[in-house]
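Undergrad: Pasting a structure below so you can have a look.
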Amino acid sequence: MQSAYAERFEREMGCTQAEWLGWLPAAIGVHPWQWSGDSVTIDLSPGSLRLDWRIGEPRVIALMRMPRLYVTFRFEGLQADQRLAFMKRFDLYMQRGGG
Numbered sequence: 001m002q003s004a005y006a007e008r009f010e011r012e013m014g015c016t017q018a019e020w021l022g023w024l025p026a027a028i029g030v031h032p033w034q035w036s037g038d039s040v041t042i043d044l045s046p047g048s049l050r051l052d053w054r055i056g057e058p059r060v061i062a063l064m065r066m067p068r069l070y071v072t073f074r075f076e077g078l079q080a081d082q083r084l085a086f087m088k089r090f091d092l093y094m095q096r097g098g099g
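Just so it is clear: in the sequence shown, position 70 is 70 by this note's numbering, and no numbers are missing.
Structural data, given as structure tokens:
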């Protein structure tokens, strides 16, 4: 988890679009959102977050193939502490691990 989040940044996610869309509602929580094509706009009153994504080539390591999704985060109208509060929950719900 980060201690601050810029108004705009990009992440590489190791998942398919279907997985991403399945996890998204829990990560967003109670905030209203609209999905259109390869983007989602989330109402974070007093501001908003727009997520745009594109499918990348899978990462190949030996015989393993990991899907890749490039996601751009664009916050509007939110202070640094508000971005941090939203992203704490978002990152927790998007976190995946193995062992």
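Note that the Cβ used here is the ideal one computed from N, Cα and C, for glycine as well.
Determine the DSSP secondary structure at arginine 74, reduced to helix, strand or coil.
TA: Numbered from its first residue, the sequence shown carries residue 74 at position 74. DSSP places arginine 74 in strand when its eight states are reduced to three.
Undergrad: Can you tell me where the beta strand (DSSP E) with glycine 47 in it begins and where it stops?
TA: As a working mapping, residue 47 is identified with position 47 in the sequence shown. Glycine 47: member of the beta strand (DSSP E) spanning 47 to 61, first to last residue.
Undergrad: Assuming glutamine 82 is part of the beta strand (DSSP E), what are its boundary residues?
TA: If you number the sequence shown from 1, residue 82 lands on position 82. It is not in any beta strand (DSSP E) - glutamine 82 instead sits in the alpha helix (DSSP H) that spans 80 to 94.
Undergrad: So the candidates are Gly37, Ile61, Phe75, Met87; which of them puts its Cα closest to the Cα of alanine 18?
TA: The residue given as residue 18 occupies position 18 in the sequence shown. Among Gly37, Ile61, Phe75, Met87, the Cα nearest to that of alanine 18 is on Gly37.
Undergrad: Between which residues of its own chain and threonine 41 is the CB-CB distance below 7 angstroms, once the five residues before and five after are set aside?
TA: As a working note, residue 41 is residue 41 in the sequence shown. Around threonine 41: Trp33, Gln34, Ser48, Arg50.
Undergrad: Output the distance between the C-alpha atoms of isoleucine 28 and glutamate 76, rounded to the nearest integer angstrom.
TA: Start at 1 with the first residue of the sequence shown, and residue 28 comes out as number 28. Start at 1 with the first residue of the sequence shown, and residue 76 comes out as number 76. Rounded to the nearest angstrom, the two C-alpha atoms are 16 angstroms apart.
Undergrad: Nearest to alanine 4 by alpha carbon, out of Met13, Lys88, Ser45?
TA: To locate residue 4, count along the sequence shown from 1; it is residue 4. Selected option, being the one with the closest Cα: Lys88.
Undergrad: Within the same chain, show all residues whose beta-carbon is closer than 7 angstroms to that of isoleucine 55, passing over the 5 residues directly before and after it, in chain order.
TA: On the sequence shown, residue 55 is found 55 positions in, with the first residue counted as 1. So the list reads Gln17, Leu69, once near-sequence residues are dropped.
Undergrad: Under a three-way DSSP split, which group does proline 32 fall into?
TA: On the sequence shown, position 32 is the one that residue 32 refers to. It is coil, neither helix nor strand.
Undergrad: What does DSSP give as the partner residue(s) for threonine 41 in the beta ladder?
TA: To locate residue 41, count along the sequence shown from 1; it is residue 41. Threonine 41 is bridged to Gln34, Arg50.
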